[in-house]
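In my numbering, the protein residues as written are 4 to 222. A virtual CB, placed ideally from N, CA and C, is assigned to each residue, including glycine. The structure displayed is predicted, hence computed values, not measured ones. Since the structure comes first, as structure tokens, the remarks are kept for the end.
Rendered as structure tokens:
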């Protein structure tokens, strides 16, 4: 039986949500929120035999709703929180490299090709020379189906073009198609450059998951 493995690069996805909100509705970045339950529903839609579900990234403490939503959706969050350095600062744990390694291990240890879902737009190489782009190419070479989920503004050309290299194996989906169901605005007063700005709350719309909508989201 084929398996499905999902990896979400939270820093990239959340940063893309902030960027898209700024472009679409001139939202202040401090007011932008992600409805993770809807996002998780989107990523796991019609996925069979889900073996790996990992949420990784750099998120400061105090995000209880994110932890709860991730755990309800069956996502492992052990790579999510920042760790304290010797000087007391919160730092990232080399998250990207760890995800790249886990993806490589799955490709090596799984006999039958399955589906790899990568929620990220990051196609750059790390200091150690690894990248999501390389792992997509390796998966496609081994006849895995790969889904890349990213905000259009956040998707690197290098990662996007892997679908041209392996059109049968690699699909790229734009989260922008579900923007109003994934991103909401938290109202309040926010100080930007010393200027107080009042923001009106905007809630998420109802969620529509159909095969037609999925096809429209492919780039």
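Asked	Found
Can you name, in chain order, every residue of its own chain whose Cβ lies under 7 Å from the Cβ of residue 17, other than the five neighbours on each side?	37
With DSSP run on the structure shown, which of helix, strand or coil describes residue 19?	helix
Please report the distance separating the alpha-carbon of residue 39 from that of residue 113.	29 Å
Cutting at 6 Å between CB atoms, please list the residues of its own chain near residue 192, excluding the five before and the five after it.	199, 201
Identify whether residue 195 lies in helix, strand or coil by the three-state DSSP scheme.	strand
Roughly how many whole angstroms lie between the Cα atoms of residue 204 and residue 187?	8 Å
Judging by CA-CA distance, which residue of 69, 124, 153 is the nearest neighbour of residue 182?	153
For residue 136, which of 175, 156, 115, 196 has the nearest alpha-carbon?	175
Could you tell me the alpha carbon to alpha carbon distance between residue 89 and residue 127, rounded to whole angstroms?	28 Å
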